[in-house]
Amino acid sequence: MLKLRAVIRAEFFSFFSVCCRKFTVYNANYSIRTISNTFQITGLVRQTERKGNYFMEHFGIWSLLPSIVALALAIGTKRVVPSLLAGILVGTMMIDARTNGIIHSFVFSIVNLFGAVAGHPANPEEGIRGMGLVKDAGRAQLVIIVLLLGAFIGVLNKSGGAYAFGSWLANKVRSKEGAQLSTAVMGSSLFTSAYFSSLATGTVFRPIYDRMKISREKLAFFLDSTSSPINVIIPISGWVAFMGALMVDNIPSVEDPIVGLAKTIPFNFYNIIILIMVFLFAAGKLKDFGPMKKAELKAQQGRQEYQIGEELPQNDVPGNEQDASLKKGKVSDMVLPLGISVLVLVMLGLWNYTIPYFADVETLPFGGNVMLIISFSIGILIAFFKYMASKLMTAKEFSNELFEGSKSVILGGVIIILAVTLGDVMRGAAPEGTGAAIYIEQVAQGAIPNAIIPVSVFLISGFVSFSMGTSFGTWAIMMPIAVSLMMATGGDPILAAAAVLSGGAFGDHTSPISDTSLMSSIGADCQHMDHINTQLPYALIAAGIAAVFFLAAGFIM
Numbered sequence: 004m005l006k007l008r009a010v011i012r013a014e015f016f017s018f019f020s021v022c023c024r025k026f027t028v029y030n031a032n033y034s035i036r037t038i039s040n041t042f043q044i045t046g047l048v049r050q051t052e053r054k055g056n057y058f059m060e061h062f063g064i065w066s067l068l069p070s071i072v073a074l075a076l077a078i079g080t081k082r083v084v085p086s087l088l089a090g091i092l093v094g095t096m097m098i099d100a101r102t103n104g105i106i107h108s109f110v111f112s113i114v115n116l117f118g119a120v121a122g123h124p125a126n127p128e129e130g131i132r133g134m135g136l137v138k139d140a141g142r143a144q145l146v147i148i149v150l151l152l153g154a155f156i157g158v159l160n161k162s163g164g165a166y167a168f169g170s171w172l173a174n175k176v177r178s179k180e181g182a183q184l185s186t187a188v189m190g191s192s193l194f195t196s197a198y199f200s201s202l203a204t205g206t207v208f209r210p211i212y213d214r215m216k217i218s219r220e221k222l223a224f225f226l227d228s229t230s231s232p233i234n235v236i237i238p239i240s241g242w243v244a245f246m247g248a249l250m251v252d253n254i255p256s257v258e259d260p261i262v263g264l265a266k267t268i269p270f271n272f273y274n275i276i277i278l279i280m281v282f283l284f285a286a287g288k289l290k291d292f293g294p295m296k297k298a299e300l301k302a303q304q305g306r307q308e309y310q311i312g313e314e315l316p317q318n319d320v321p322g323n324e325q326d327a328s329l330k331k332g333k334v335s336d337m338v339l340p341l342g343i344s345v346l347v348l349v350m351l352g353l354w355n356y357t358i359p360y361f362a363d364v365e366t367l368p369f370g371g372n373v374m375l376i377i378s379f380s381i382g383i384l385i386a387f388f389k390y391m392a393s394k395l396m397t398a399k400e401f402s403n404e405l406f407e408g409s410k411s412v413i414l415g416g417v418i419i420i421l422a423v424t425l426g427d428v429m430r431g432a433a434p435e436g437t438g439a440a441i442y443i444e445q446v447a448q449g450a451i452p453n454a455i456i457p458v459s460v461f462l463i464s465g466f467v468s469f470s471m472g473t474s475f476g477t478w479a480i481m482m483p484i485a486v487s488l489m490m491a492t493g494g495d496p497i498l499a500a501a502a503v504l505s506g507g508a509f510g511d512h513t514s515p516i517s518d519t520s521l522m523s524s525i526g527a528d529c530q531h532m533d534h535i536n537t538q539l540p541y542a543l544i545a546a547g548i549a550a551v552f553f554l555a556a557g558f559i560m
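The sequence shown begins at 4 in the working numbering and counts up by one.
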């Protein structure tokens, strides 16, 4: 016991001195000086151990342990944040144990965990890759983007403009196909938020579907198959911050998140195919089959099953079920702020990424993250002045909705930071990281044909997402693995990233524990498992076609 106390006391003073001064680490044949700071993790100083005649920059197969732990816990517990924390904890303990010993790694495990999340800045000159929140300015910009996006969606939702837009659209409906196509159009157009799309579109079209005897399972399918896939495809959607951060962090050639996401669009096969199927089913070009056909027959016979205790709607006025807490907004209350925000983003993107190819113009001195911040900020300002002028909201109400909207995305922001931190731990060469990327490259090079990687990544990501019920968690865990494997075999990392995005969306689309699928059931107000069972055959067909495309792309590219 006395010896243990002595060790702990010595380790504490060692850590204290590391955090308070600059120090130099000398190894066998070289020296590296590292500037320490209060966020620097004990033992995560960039150095390389020499064994024999080569440098040990990874932990062998154990390099993959942090990701495996995060993946296993995520599947088993269905909780992403604790799983990512556990993965980071395992990684930092491995790194610290190699540098300072096992006892030190246990004593300082929590310090190292949150030290990794807080991070330390990159310093290429000294071989430090950087880690966590303070790795570079892009990480802080990412947090701002998430909070601004939540605030913007919050005020748009509160204005009632989306419901006004849906009601206007619904009044044009004269047939079953018209109602279905209108649902698909509205669901696809509200790409600021998957939740927002499902709930707003479902509330507007429920009474119309009941009047026309279209099953609510069919409505849930349209909601689920437009809200999520369109967010993955559109590089200015509500999910762009998360997806873009993973692209920039894992693919060296991608410096701008919007450009990186745009490159994945042609290869985002599952999301493209399911959207095409939605419009073909809506237009009546594809006929219903399986459980969906049975649900449609029951609806036409007046035997539609609603939620327990619910009665048939008593009037057929589109949008009569609008949430009483929402304002009585106009179509322009959503279209104008959102439209100007999107227009600003498109114009900035054209100026920086397209016009320079055709004219000699000076590009703007900022990238995609700053463009998103500017566009969301302008959208919020336009909404503020419009709502004040029309007396839709008071300044206090507007500021409250901004705050509430920002609060609603805090969890998403936490997941983003933890995901990129886990990626940092996995990618950094030992002992700054576990060196998983280097290990995968050494093992896979020449051993695994890159032609089968895209389809394998798509299927594995689909399974993980189905098991976890989340595409975000799947992307966070699978992106570093898939991209590293693809690059190690000489393949295109953009294709691997697209396979991860498609696979995550597929699994999330079919999982009974998926939040977006649940929101679609709530939006359509139908039994959740009825929605899952009727949608599953359609999703499997889309996934099968996508798998063939990924296999073909793997051989071609």
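In this text, a Cβ means the ideal position worked out from N, Cα and C, and glycines have one as well.
None of these values were measured; they are calculated from a predicted model.
Requested in this report: Have a look at K179, A182, T204 and G181 and flag the residue whose alpha-carbon is nearest the alpha-carbon of S191.
Outcome: Within the sequence shown, residue 191 is the residue found at index 188, counting from 1. The candidate whose alpha carbon is nearest that of S191 is T204.
Query - Outcome for I279 when other beta-carbon atoms lying within 10 angstroms are tallied against a minimum of 16 - result: On the sequence shown, residue 279 is found 276 positions in, with the first residue counted as 1. With fewer than 16 Cβ atoms within 10 Å of its Cβ, I279 is classed as exposed.
Report task. Measuring alpha carbon to alpha carbon, tell me which of F117, M189, L145 and F361 ends up nearest P260. Result -> Residue mapping note: residue 260 aligns to position 257 of the sequence shown, counting from 1. Minimum Cα distance to P260 is reached at L145.
Query raised in the report: Less than 7 Å separating the beta-carbons of A556 and E60?
Result: For the purposes of this step, residue 556 is taken as residue 553 along the sequence shown, with counting starting at 1. For the purposes of this step, residue 60 is taken as residue 57 along the sequence shown, with counting starting at 1. A556 is not a Cβ neighbour of E60, given a cutoff of 7 Å.
Query - Buried versus exposed, by CB contacts within 10 Å (16 or more), P452 - result: What you label residue 452 is simply residue 449 of the sequence shown in a count that begins at 1. With fewer than 16 other Cβ atoms within 10 Å, it is exposed.
Query raised in the report: Is the distance from the Cβ of P457 to the Cβ of F387 below 7 Å?
Result: Working through the sequence shown from its first residue, we reach residue 457 at position 454. Working through the sequence shown from its first residue, we reach residue 387 at position 384. Here P457 is not near F387, since their CB atoms are 7 Å or more apart.
Requested in this report: May I have the straight-line CA-CA distance separating S378 from Y442, to the nearest angstrom?
Outcome: Sequence index remark: in the sequence shown, residue 378 carries index 375 (1-based). Sequence index remark: in the sequence shown, residue 442 carries index 439 (1-based). Going by C-alpha positions, S378 is about 41 Å away from Y442.
Query raised in the report: How big is the Cα-Cα spacing for F18 and L249?
Result: Against the sequence shown, residue 18 aligns to sequence position 15. Against the sequence shown, residue 249 aligns to sequence position 246. Only weak support is given to the placement of F18: the predicted model assigns it a pLDDT of 39, under 50, and the value that follows is read from those uncertain coordinates. Roughly 32 Å separates the two Cα atoms.
Report task. Would you identify the three-state DSSP class for M246, choosing helix, strand or coil? Result -> The residue labelled residue 246 in the question sits at position 243 within the sequence shown. Here M246 sits in helix by DSSP.
Query raised in the report: How would you call T267, buried or exposed, if buried means at least 16 neighbouring beta carbons within 10 angstroms?
Result: Translated into positions along the sequence shown, residue 267 becomes position 264. It counts as buried.
Query raised in the report: Excluding five sequence neighbours on each side, which residues of the same chain lie with their C-beta closer than 6 Å to the C-beta of P540?
Result: Against the sequence shown, residue 540 aligns to sequence position 537. So the list reads G293, once near-sequence residues are dropped.
Query raised in the report: Rounded to the nearest angstrom, how far is the Cβ of A187 from that of A285, given a contact under 8 Å?
Result: Mapped onto the sequence shown, residue 187 falls at position 184. Mapped onto the sequence shown, residue 285 falls at position 282. With a beta-carbon spacing of about 5 Å, A187 and A285 fall inside the 8 Å limit used to define contacts.
Query raised in the report: Of the residues M396, I275 and G135, which one's Cα is nearest the Cα of I419?
Result: Within the sequence shown, numbered from 1, the residue matching residue 419 stands at position 416. Nearest C-alpha to I419: G135.
Query - Member of I64, A73 and S66 whose CA lies at the smallest distance from the CA of W478 - result: In the sequence shown, residue 478 corresponds to position 475, counting from 1. Selected option, being the one with the closest Cα: A73.
Query raised in the report: Should the segment 83-93 be regarded as contacting the segment 460-476, the criterion being three or more beta carbon pairs within less than 8 Å?
Result: Result yes; three or more Cβ-Cβ pairs closer than 8 Å.
Query - Beta-bridge pairing of M134 - partner residues as DSSP gives them - result: Start at 1 with the first residue of the sequence shown, and residue 134 comes out as number 131. For M134, the beta-bridge partners assigned by DSSP are H123.
Query raised in the report: What is the DSSP secondary structure of I147, reduced to helix, strand or coil?
Result: The residue labelled residue 147 in the question sits at position 144 within the sequence shown. In the structure shown, I147 adopts helical secondary structure according to DSSP, grouped into three states.
Query raised in the report: Within 10 angstroms of its Cβ, does P340 collect 16 or more other Cβ (buried), or is it exposed?
Result: Taking the sequence shown and counting its residues from 1, one reaches residue 340 at position 337. It is buried - the Cβ of P340 has at least 16 other Cβ atoms within 10 Å.
Report task. May I have a chain-ordered list of the alpha helix (DSSP H) segments no shorter than 4 residues that lie completely inside the segment 374-432? Result -> Runs of the alpha helix (DSSP H) inside the segment 374-432: 398-411 and 413-430.
Query raised in the report: Among the residues of its own chain, which have a CB less than 8 Å from the CB of I311, if the five just before and after it don't count?
Result: In the sequence shown, the residue the question calls residue 311 occupies position 308. Confidence is the limiting factor: at I311 the pLDDT is only 35, short of 50, which leaves the residue's position unreliable, though a coordinate-based value still follows. Within the same chain, I311 has no close Cβ partners at all.
Query raised in the report: Going by C-alpha distance, which of V110, A75, I71 and G79 is nearest G94?
Result: Translated into positions along the sequence shown, residue 94 becomes position 91. Check the Cα spacing between G94 and each of V110, A75, I71 and G79: the tightest is with I71.
Query raised in the report: My guess is that N485 and Y273 are in contact by the Cβ rule of under 8 Å, so how many angstroms apart are they, rounded?
Result: Taking the sequence shown and counting its residues from 1, the one referred to as residue 485 is at position 482. Taking the sequence shown and counting its residues from 1, the one referred to as residue 273 is at position 270. Inspection of the sequence shows that residue 485 is occupied by Ala rather than by Asn. Not quite, the Cβ-Cβ distance comes to about 15 Å (not below 8 Å), so this is no contact.
Query raised in the report: Excluding five sequence neighbours on each side, which residues of the same chain lie with their C-beta closer than 7 Å to the C-beta of G332?
Result: Reading the sequence shown from its first residue, position 329 is the one you call residue 332. Around G332: S162, G163, G164, A167 and L395.
Requested in this report: Determine the contact status of G510 and L226, defining contact as a CB-CB distance below 7 Å.
Outcome: Within the sequence shown, the letter at position 507 stands for residue 510. Within the sequence shown, the letter at position 223 stands for residue 226. Contact: no.
Requested in this report: Please determine, among M489, H512 and S524, the residue with the shortest C-alpha to C-alpha distance to M560.
Outcome: Sequence index remark: in the sequence shown, residue 560 carries index 557 (1-based). Looking at the Cα atoms, M489 is the closest of the given residues.
Query raised in the report: In this structure, does DSSP put K175 in helix, strand or coil?
Result: Working through the sequence shown from its first residue, we reach residue 175 at position 172. Here K175 sits in coil by DSSP.
Query raised in the report: Looking only at C-alpha atoms, which of L504, S487 and A154 sits nearest to S409?
Result: Within the sequence shown, residue 409 is the residue found at index 406, counting from 1. Looking at the Cα atoms, A154 is the closest of the given residues.
**Report entry** Burial state of A549 (16 or more Cβ within 10 Å)
**Finding:** One-based indexing of the sequence shown puts residue 549 at position 546. Looking at its Cβ environment, which holds 16 or more other Cβ atoms inside 10 Å, A549 is buried.
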